[in-house]
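Asks:
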Amino acid sequence: DAGVIQSPRHEVTEMGQEVTLRCKPISGHNSLFWYRQTMMRGLELLIYFNNNVPIDDSGMPEDRFSAKMPNASFSTLKIQPSEPRDSAVYFCASSSDPGQPQHFGDGTRLSIL
Amino acid sequence: GNSVTQMEGPVTLSEEAFLTINCTYTATGYPSLFWYVQYPGEGLQLLLKATKADDKGSNKGFEATYRKETTSFHLEKGSVQVSDSAVYFCALILSSGSARQLTFGSGTQLTVLP
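If you're matching them up, the sequences are chains A and B in order.
According to the working numbering, the stretch in the first sequence is residues 1 to 113, in order.
According to the working numbering, the stretch in the second sequence is residues 1001 to 1114, in order.
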């Protein structure tokens, strides 16, 4: 079975540019999560969706970050404008229910110059 | 609120040594407990879980027992291998309530030397 698929795997761009990260959850999973991982702050939950509806976005750092889930098989995390401090690895995860174990994608390594 | 406290790393062991990574938690209800493992360049993978007190989760030679009296879920392995080198995360989810999010510990880096 295909796992959680994220794209791109790596992204390098200049500050001020718009960045869009993509995620395809496991088919049949109703919950989707976006995380950010850095050495300084560890793993942080940014936002999670249940049945395509954002449930908790309290982890989104600021208005430059936005996330959408237009359908059950696709989600995006957008940063506009990007800043060097946004450099991190961004993970998407999905689960069959918010209370069930999550399956993680391999992440997008983002570098903002 | 809910929190997970993990033994700070990094931890360096020789192959075939015994491993313990301590994990304690604070939760307002009755959580399910998990250990995740992250290999270099990859996402987190579920290693094992326990959903109620005294349950023992096990996988790939790793074990952890849900201890309600000490609010702990320590990870153990009797004989580690070089391939076990990774970052290990303890986590919990509350079994009730609307805030069903994983709460992660800070992670423990394990390096196993040949």
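Even glycine gets a Cβ: it sits at the ideal position worked out from N, Cα and C.
Short of 6 Å in beta carbon distance, which residues of its chain neighbour M60 (chain A), apart from the five on each side in sequence? Order them along the chain.
Replies: Taken in chain order, the residues that qualify are L46 and I47.
Asks: Less than 9 Å separating the beta-carbons of T1111 (chain B) and S1085 (chain B)?
Replies: Taking 9 Å as the Cβ cut-off, T1111 (chain B) and S1085 (chain B) qualify as a contacting pair.
Asks: Are the stretch 20-37 of chain A and the stretch 1002-1022 of chain B touching, with three or more C-beta to C-beta distances below 8 Å?
Replies: The stretch 20-37 of chain A is not in contact with the stretch 1002-1022 of chain B.
Asks: So, are the CB atoms of N1059 (chain B) and L1047 (chain B) less than 9 Å apart?
Replies: Contact: yes.
Asks: Does S1106 (chain B) have its Cβ less than 9 Å from a Cβ in chain A?
Replies: True, the Cβ-Cβ gap to chain A drops below 9 Å.
Asks: Spell out whether any CB of chain A is found under 9 Å from the CB atom of I1021 (chain B).
Replies: No, its Cβ sits nowhere closer than 9 Å to a Cβ of chain A.
Asks: To the nearest angstrom, report how far apart A88 (chain A) and E1042 (chain B) are at their CA atoms.
Replies: Cα-Cα distance, rounded: 14 Å.
Asks: Rounded to whole angstroms, how far is the Cβ of Q1109 (chain B) from the Cβ of G1009 (chain B), which I believe are closer than 8 Å?
Replies: Indeed, because the Cβ distance is near 4 Å, the residues count as touching under 8 Å.
Asks: Taking only runs that begin and end inside the stretch 1025-1068 of chain B, name each unbroken beta strand (DSSP E) of 3 or more residues, in chain order.
Replies: Whole beta strand (DSSP E) segments, 3+ residues: 1031-1038, 1044-1050, 1056-1059 and 1062-1065.
Asks: Does any residue of chain A have a CB that is nearer than 9 Å to the CB of S1072 (chain B)?
Replies: With 9 Å as the cut-off, S1072 (chain B) does not count as an interface residue toward chain A.
Asks: Closest to G1107 (chain B) by CA distance: which of B:C1023, B:T1012 and B:V1082 is it?
Replies: Nearest C-alpha to G1107 (chain B): B:C1023.
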